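Residue numbers (the working numbering): 126 to 297. Ideal Cβ placement from N, Cα and C applies to all residues, glycine included. Quick caveat: nothing in here was measured; it's all calculated off a predicted structure. See below for the structure under consideration.
See below:
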């Protein structure tokens, strides 16, 4: 039941399935379309599969930043990706006394600027907001950042783009 401590926050934050965004991949947005889009946090909430990520963003006091103008590219681990971590790891990271460590991990998932998947595929690494870089490779399963696979790409937000990954990536 300890995993459900943040469940309410997660449910509130993520209400729409990611499939709702499938039709927008690879299309250009007009200025009026961009104005009607939601920011990265609200987009994650609406997707419904980023409850843990959103709760972590809030616990790390990064919500205002990810709602700001940006642009940002977020490599967003799903709830299933967070579930791969030992339960005590996530529980400890969400404690107030570990906020700086949580911030370091979360900002390792964010790249400044709007980097679409096709652009990322042309890179070998990307410098993250936390100052460290992660590796970018292509494999038979698609685009990878460190050891995580991008499972959905180019989800638009008013202040950037989200790429869904299947693992939490950790800075060195």
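Cβ of residue i within 8 angstroms of Cβ of residue j?
i           : j           : result
residue 174 : residue 203 : yes
residue 199 : residue 287 : yes
residue 291 : residue 206 : yes
residue 193 : residue 284 : yes
residue 236 : residue 262 : no
residue 187 : residue 218 : no
residue 196 : residue 238 : yes
residue 251 : residue 268 : no
Within 10 angstroms of its Cβ, does residue i collect 16 or more other Cβ (buried), or is it exposed?
i           : result
residue 293 : buried
residue 144 : Note that residue 144 has pLDDT 30, beneath the 50 cutoff, so the model's placement of it is unreliable and the number below is only indicative. The residue is exposed, with fewer than 16 neighbouring Cβ atoms inside 10 Å.
residue 247 : exposed
residue 256 : exposed
residue 273 : buried
residue 208 : exposed
Measure the beta-carbon distance from residue i to residue j and round it to whole angstroms, keeping in mind my assumption that it falls under 8 angstroms.
i           : j           : result
residue 282 : residue 163 : 6 angstroms
residue 201 : residue 289 : 6 angstroms
Assign residue i to one of three DSSP states: helix, strand, or coil.
i           : result
residue 261 : strand
residue 243 : helix
residue 282 : strand
residue 250 : strand
residue 294 : coil
residue 232 : helix
Any chance you could list the alpha helix (DSSP H) runs of at least 4 consecutive residues sitting entirely within the region 167-223, in chain order? Within the region 167-223, the runs of alpha helix (DSSP H) at least 4 residues long that lie entirely inside it are, in chain order, 176-184, 188-192, 204-208, 212-218.
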